[in-house]
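The structure appears below as structure tokens.
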Amino acid sequence: MPLALTVFFVVLGVTVVVAIVGYLIDRSAGHESKEGR
Amino acid sequence: MDPTHLHLLLNHVPTVGFGIGVAMFVLGLAGRSNDLKQASLVIFVGVALITIPTYVTGNAAQVHLQDRGEVSDGKTEGMVTLSLIETHEGAAFLALGFMEVTGALAWLTLWRFRRTLNVSPGMNGVLLVLSLATLGLMAQAANVGGMINHPEIRGTEDMTTFAGHLGRIAGDYVRDTPWTWIAAETVHFVGLSMLVGVILLIDLRVLGFMKQVSFAALDRLLPWAMLGFAMNTFTGMLFFAAAYGQYVNNPAFFWKLIFVLLAGANTLYFTFDRTWALEPGRDAPMLSKAAAVGAMFFWVGVMYWGSMLPFIGNAF
């Protein structure tokens, strides 16, 4: 059981970090140039 | 050609190839040339991909030398020591980490460039520092690697670098602690879902499904796919470092790597493909459709060869 909990929280932590990084990347691409199209 | 030959062939790419990329990037900065900068970023991404097979074939070369009895545990005249090989592995492990981060940021910069038509001064600075650090670390790894094959430049004392035997430390940690492999395996599947989920959406739109959705909206999801790819590269390298003996003689593993490289090159194509700028309702050109079919084939191939690791090559 402790092993399952450890794995669960590690995976949860990694997923949260990835979600935050993905959100920041997406936000940084928010201002698009019309010329860019 | 076996993996040992491949290592000798590929090991110049992360130093010489990347060095050319860094020189072009510096020239692009000095001459304020976006074309040069973009070209150098493509080189960064390409070399980051090629560095993966360069690294893994290094362990294959080690196993080859050990099988031939040419590696000694201590100091034996004319023989290479296991410690020197593991020093090379450690320096390469650290350099590989820097290379993959540089490649990921270079791809992100290319992706952002076509939306914003500029590279921010901050990103220019980060890429410059990171690429120079990567080049230095790669040169150090190459220097130690050269000593393995060239006794004439080998010193009397065992060479060490500040990375120590990092590859072995990380690999042994993953192998010997119960939670790391299982957690990395779970993260590997999360990354796979993100990667293939987004790529499949984009490919289906290019092929003519969901025409009411704009390409730009789907293109915006592409960094999530690359985050998935980064997660899988990281966890995949942990698996490899922990149990390289299961992979270096495994044909399924090398086929998986070939498909990863082809899929990576395909993703790079979509970074420049003009389809993304088409309005909703418009059809993609035939070349883009062919690339989309290629992407689906390559990524399914990556999953297929990954699944075949235990069945064809007797891993695990």
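Which chain is which? The protein sequence lines are A and B, in order. With the first letter of the first sequence counted as 1, position 36 gets the number 35 in numbering that gives the first Met the number 0; the numbers rise by one all the way through. With the first letter of the second sequence counted as 1, position 9 gets the number 8 in numbering that gives the first Met the number 0; the numbers rise by one all the way through. Glycine residues also receive a C-beta, built at the ideal position from the N, C-alpha and C atoms.
From the options, residue whose alpha carbon lies closest to that of residue i
i, options, result
"Phe-269 (chain B)", "B:Leu-131, B:Asn-33, B:Thr-179, B:Leu-221", "B:Leu-221"
"Leu-83 (chain B)", "B:Ala-94, B:Val-70, B:Gly-312, B:Thr-266", "B:Val-70"
"Asp-171 (chain B)", "B:Gly-244, B:Ile-198, B:Thr-80", "B:Gly-244"
"Met-0 (chain B)", "B:Thr-232, B:Gly-73, B:Ala-59", "B:Ala-59"
"Pro-336 (chain B)", "B:Tyr-246, B:Leu-191, B:Val-292", "The requested residue 336 (chain B) does not occur in the structure, where chain B is confined to residues 0 to 315."
"Ser-192 (chain B)", "B:Val-205, B:Phe-296, B:Asn-231, B:Ala-132", "B:Asn-231"
"Gly-316 (chain B)", "B:Phe-97, B:Ala-224, B:Ala-276", "Not covered by the structure: residue 316 (chain B). The range shown for chain B is 0 to 315."
"Val-55 (chain B)", "B:Phe-239, B:Phe-258, B:Gly-280", "B:Phe-239"
"Val-197 (chain B)", "B:Arg-219, B:Asp-66, B:Gly-207, B:Leu-277", "B:Arg-219"
"Phe-296 (chain B)", "B:Lys-255, B:Ala-276, B:Arg-281", "B:Lys-255"
"Ala-291 (chain B)", "B:Leu-277, B:Asn-248, B:Leu-199", "B:Leu-199"
"Leu-2 (chain A)", "B:Ala-182, B:Gly-89, B:Phe-258", "B:Ala-182"
"Phe-310 (chain B)", "B:Ser-39, B:Val-100, B:Asn-249", "B:Asn-249"
"Ile-201 (chain B)", "B:Thr-266, B:Ser-119, B:Glu-151, B:Glu-184", "B:Thr-266"
Distance between beta carbons of residue j and residue i, contact taken as under 8 angstroms
i, j, result
"Ala-105 (chain B)", "Gly-57 (chain B)", "Not really, about 23 angstroms apart at Cβ, beyond 8 angstroms."
"Thr-274 (chain B)", "Ala-283 (chain B)", "5 angstroms"
"Val-37 (chain A)", "Trp-178 (chain B)", "Given a span of 0 to 36 for chain A in the structure shown, any question on residue 37 (chain A) remains unanswerable."
"Val-173 (chain B)", "Ala-241 (chain B)", "4 angstroms"
"Glu-85 (chain B)", "His-6 (chain B)", "In fact, because the Cβ distance is near 16 angstroms, the residues do not count as touching under 8 angstroms."
"Gly-190 (chain B)", "Thr-160 (chain B)", "The pair is not a contact, with the Cβ atoms about 30 angstroms apart (cut-off 8 angstroms)."
"Leu-109 (chain B)", "Gln-37 (chain B)", "7 angstroms"
"Leu-28 (chain B)", "Asn-123 (chain B)", "6 angstroms"
"Ile-147 (chain B)", "Val-62 (chain B)", "Not quite, the Cβ-Cβ distance comes to about 13 angstroms (not below 8 angstroms), so this is no contact."
"Pro-120 (chain B)", "Val-212 (chain B)", "That belief does not hold up - the Cβ atoms of Pro-120 (chain B) and Val-212 (chain B) are roughly 34 angstroms apart, past 8 angstroms."
Contact check, residue i vs residue j, beta carbons under 7 angstroms
i, j, result
"Phe-17 (chain B)", "Val-46 (chain B)", "yes"
"Gly-20 (chain B)", "Ile-42 (chain B)", "yes"
"Ala-251 (chain B)", "Leu-308 (chain B)", "yes"
"His-87 (chain B)", "Gly-144 (chain B)", "yes"
"Thr-14 (chain B)", "Ala-103 (chain B)", "no"
"Gly-228 (chain B)", "Leu-203 (chain B)", "The residue asked about is misnamed: residue 228 (chain B) is Phe in this sequence, not Gly. Going by C-beta atoms, Phe-228 (chain B) is not nearer than 7 angstroms to Leu-203 (chain B)."
"Leu-226 (chain B)", "Val-17 (chain A)", "yes"
"Leu-277 (chain B)", "Phe-214 (chain B)", "yes"
"Leu-81 (chain B)", "Ala-162 (chain B)", "no"
"Leu-206 (chain B)", "Lys-288 (chain B)", "yes"
"Ala-28 (chain A)", "Arg-113 (chain B)", "no"
"Leu-8 (chain B)", "Thr-53 (chain B)", "no"
Closer than 7 angstroms between beta carbons: that is the criterion. Which residues of the segment 0-24 of chain A meet it against chain B? So the close ones are Leu-2, Thr-5, Val-6, Val-9, Val-10, Val-13, Thr-14, Val-17, Val-20, Gly-21, Ile-24.
I want to know whether the segment 252-266 of chain B touches the segment 297-309 of chain B - three or more CB-CB distances under 8 angstroms. The segment 252-266 of chain B vs the segment 297-309 of chain B: in contact.
At a Cβ cut of 8 angstroms, what residues of the segment 204-227 of chain B count as close to chain A, listed as they run along the chain? Those residues of the segment 204-227 of chain B that come within reach of chain A (Cβ to Cβ, closer than 8 angstroms) are Ala-215, Arg-219, Pro-222, Trp-223, Leu-226.
Relative to chain A, which residues along the segment 98-119 of chain B have a C-beta separation below 7 angstroms, given in chain order? Legend: CB atoms of the segment 98-119 of chain B lying less than 7 angstroms from CB atoms of chain A belong to residues Leu-107, Arg-111, Arg-113, Arg-114, Thr-115, Leu-116.
Note down, in chain order, all residues in the segment 181-206 of chain B with a beta-carbon under 7 angstroms from any beta-carbon belonging to chain A. If the cut-off is 7 angstroms between Cβ atoms, the segment 181-206 of chain B has Ile-181, Ala-182, Thr-185, Val-186, Val-189 near chain A.
Is the segment 162-170 of chain B in contact with the segment 123-134 of chain B, if contact means three or more CB pairs nearer than 8 angstroms? Too few Cβ pairs lie closer than 8 angstroms, so no.
Give me the subset of the segment 159-178 of chain B whose CB atoms are less than 9 angstroms from a CB atom of chain A, sorted by chain position. When CB distances to chain A are screened at a threshold of 9 angstroms, the residues of the segment 159-178 of chain B falling below it are Pro-177, Trp-178, in chain order.
Which residues, in chain order, does the segment 226-245 of chain B contribute to contact with chain A at a C-beta distance below 7 angstroms? Going along the segment 226-245 of chain B in chain order, one finds Leu-226, Met-230 with a Cβ nearer than 7 angstroms to chain A.
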